[in-house]
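The block underneath contains the structure these notes are about, expressed in structure tokens.
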Amino acid sequence: MKHQINASLQVIPIGHPADKTAYGLIDDAIGVIKKSGLRFRVTPMETVIEGPYDEVMNVIRAAQEILLDNGAQELVAHIKVHIHASRDISFEEKTANWES
């Protein structure tokens with residue numbers, strides 16, 4: 001897949017070390033996304049990522065792995081992907097009518 005895609009990721013850590021909250025683990029995952037250099041938007045319920053398919057999927061995997069590496073006993077991940085066969089997908093095309 002050669003076009004830009006959008007994907008949303010919500011991670012829910014289950015069980016965490018005493019020195020880290022669930023939100024702290026989620027912040028770790030968002031940090032991985034930020035370091036990737038891909039466009040992203042954090043929303044109250046999920047983080048949306050934009051970029052080439054393989055890069056986005058690699059970042060989603062790394063964001064899940066950091067939770068487990070940093071002490072989550074398990075996690076639930078909700079992943080949604082929007083792919084178009086012949087063109088790029090962008091944040092703006094979905095939200096321009098609603099942003100002020």
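Once you know that position 6 of the sequence shown is 6 in full-length UniProt numbering, the rest is easy, because the numbers rise by one and skip nothing. Glycine included, each C-beta is placed from N, C-alpha and C at the ideal position.
Status (buried if at least 16 other CB within 10 Å, exposed otherwise) for residue i
i	result
alanine 85	exposed
proline 13	buried
glycine 37	exposed
Alpha-carbon spacing of residue i relative to residue j, whole angstroms
i	j	result
arginine 87	valine 81	15 Å
serine 90	aspartate 19	38 Å
alanine 29	lysine 35	10 Å
glycine 31	tyrosine 23	12 Å
tyrosine 53	glutamate 74	25 Å
Residue range of the unbroken beta strand (DSSP E) whose run includes residue i
i	result
glutamate 74	74-82
glutamate 50	47-52
Cβ-based neighbour list, residue i, same chain, cut-off 6 Å, excluding 5 preceding and 5 following
i	result
histidine 78	Gln10
Sequence-distant residues of the same chain with beta carbon closer than 7 Å to residue i, five excluded per side
i	result
isoleucine 33	Phe40, Thr47, Ile49, Val59 and Ala63
proline 17	Gly71
Residue range of the unbroken alpha helix (DSSP H) whose run includes residue i
i	result
threonine 95	91-95
leucine 25	22-35
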